[in-house]
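Report on the following structure.
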């Protein structure tokens, strides 16, 4: 008989009881999205790594206050985003998404992915440059909603705002990005 | 292609930096101690401590009576006051992220539900920063000094949105109930106390920070919070200068 892998709720319950192995599984399940949220929040790669590690430790220590039945991922991402912001502010370092993306876009000479092929390279760079010039809260909102494709609900929890605010702020951030792109074009 | 669609395509096309495997390092750190007890299991000691400090608090509040009267007093407007036996490790924070994003006054007014109280510049000077949170709705006026925050005055909407502020008070902190121009108020002094945001997931995100003396005033549903190295009369002057 093959045993069923534990679901997230079970892992959280076990971690709450002090099962470090269960928490290790939670870390593995969420570390990729957590790392990217930290990058979207403007942390440099090195700061993002530290921020995510610290966030996981803080989340563990706060598990006793985690409400049963709540979604673990957005709760965790809120801690991650906060840690990343703190590091960005403390160090004064903010790595522009465009710089990082320029590296990855120019890496290798491999054929572009189907997604990349849809959007011309120049347009991608323009978009990233525009996003990087946005103020922090706009960049985080667009990054979470579109680059990372978090749901409105997840974005609301991760960024600590109401769901309705996600809608209105997303619309405003898109408008400001259009302005940035128009300036580029002009 | 619409801009949001372009961004989604961009996100899918981005080759993000490789994520470091943090699981082992995190496990090594957290494996040493179990997480703190759950909220439910903490309630009992909190109540016990509330009872333990009953005499001191009752004297301060001048509300001599039963535990329920005291417990009812431990909250004002949108801020929940939690008496605890021991504060979690706290450190003064130089960043102000808990207060939200810095914005101009016009935008703060736009975002705040209801009429926003604004500091009288003649009395208090212009704040160095205005920071805004949406959930719960709070506008904070921040006056800075080289070493950090000199004065913080926040206006918190009474509209409940699923998350709230919590103030943790240890046994060495004094809580006085008073009225300020007819408005119910709490004056918190003494040892350091923590202030944090309790989120939708039920956690405080460990964003607790040390607060100086604090005056909380219930202004017809809106909570005014003034914190800093202030005497009571100075804090009251700040509250009166929010118009």
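Protein chains in written order, with my numbering: chain A, 13 to 198; chain B, 71 to 313. We put the beta carbon where it would ideally sit given N, CA and C, even for glycine. From a predicted model like this one, the values you see are computed outputs, not experimental measurements.
Pair within 8 angstroms by beta-carbon distance, residue i and residue j
i	j	result
residue 205 of chain B	residue 174 of chain A	yes
residue 155 of chain A	residue 90 of chain A	no
residue 178 of chain B	residue 149 of chain B	no
residue 214 of chain B	residue 312 of chain B	no
residue 210 of chain B	residue 224 of chain B	yes
residue 292 of chain B	residue 184 of chain B	yes
residue 59 of chain A	residue 100 of chain A	yes
residue 68 of chain A	residue 96 of chain B	yes
residue 250 of chain B	residue 306 of chain B	yes
residue 98 of chain B	residue 39 of chain A	no
CB contact below 8 angstroms: residue i versus chain A
i	result
residue 95 of chain B	yes
residue 243 of chain B	no
residue 179 of chain B	no
residue 257 of chain B	no
residue 209 of chain B	no
residue 89 of chain B	yes
residue 201 of chain B	no
residue 213 of chain B	no
residue 99 of chain B	yes
residue 204 of chain B	yes
Boundaries (first-last residue) of the beta strand (DSSP E) holding residue i
i	result
residue 245 of chain B	243-250
residue 80 of chain A	No beta strand (DSSP E) contains residue 80 of chain A, which DSSP labels as neither H nor E.
residue 287 of chain B	283-289
N- and C-terminal bounds of the alpha helix (DSSP H) containing residue i
i	result
residue 157 of chain A	Careful: residue 157 of chain A lies outside any alpha helix (DSSP H) and carries neither H nor E.
residue 169 of chain A	164-171
residue 69 of chain A	57-73
residue 297 of chain B	That residue, residue 297 of chain B, is in no alpha helix (DSSP H); its beta strand (DSSP E) goes 292-298.
residue 88 of chain B	It is not in any alpha helix (DSSP H) - residue 88 of chain B carries neither H nor E in the DSSP assignment.
residue 303 of chain B	302-310
Min CB distance residue i to chain B below 8 angstroms
i	result
residue 191 of chain A	no
residue 177 of chain A	yes
residue 121 of chain A	Here residue 121 of chain A scores only 47 on pLDDT, less than 50, and its place in the model is too uncertain to base an answer on.
residue 94 of chain A	yes
residue 136 of chain A	yes
residue 36 of chain A	yes
residue 145 of chain A	no
residue 23 of chain A	no
residue 148 of chain A	yes
Identity of the residues DSSP links to residue i by a beta bridge
i	result
residue 208 of chain B	B/203, B/226
residue 254 of chain B	B/249
Practice item. Within the stretch 18-48 of chain A, note down every full alpha helix (DSSP H) run reaching 4 residues or more, in order along the chain. Key: 20-28, all fully within the stretch 18-48 of chain A.
Check your understanding: According to a CB-to-CB cut-off of less than 7 angstroms, which residues of the stretch 153-179 of chain A neighbour chain D?
Key -> In the displayed structure, chain D is absent; the protein chains listed are A and B.
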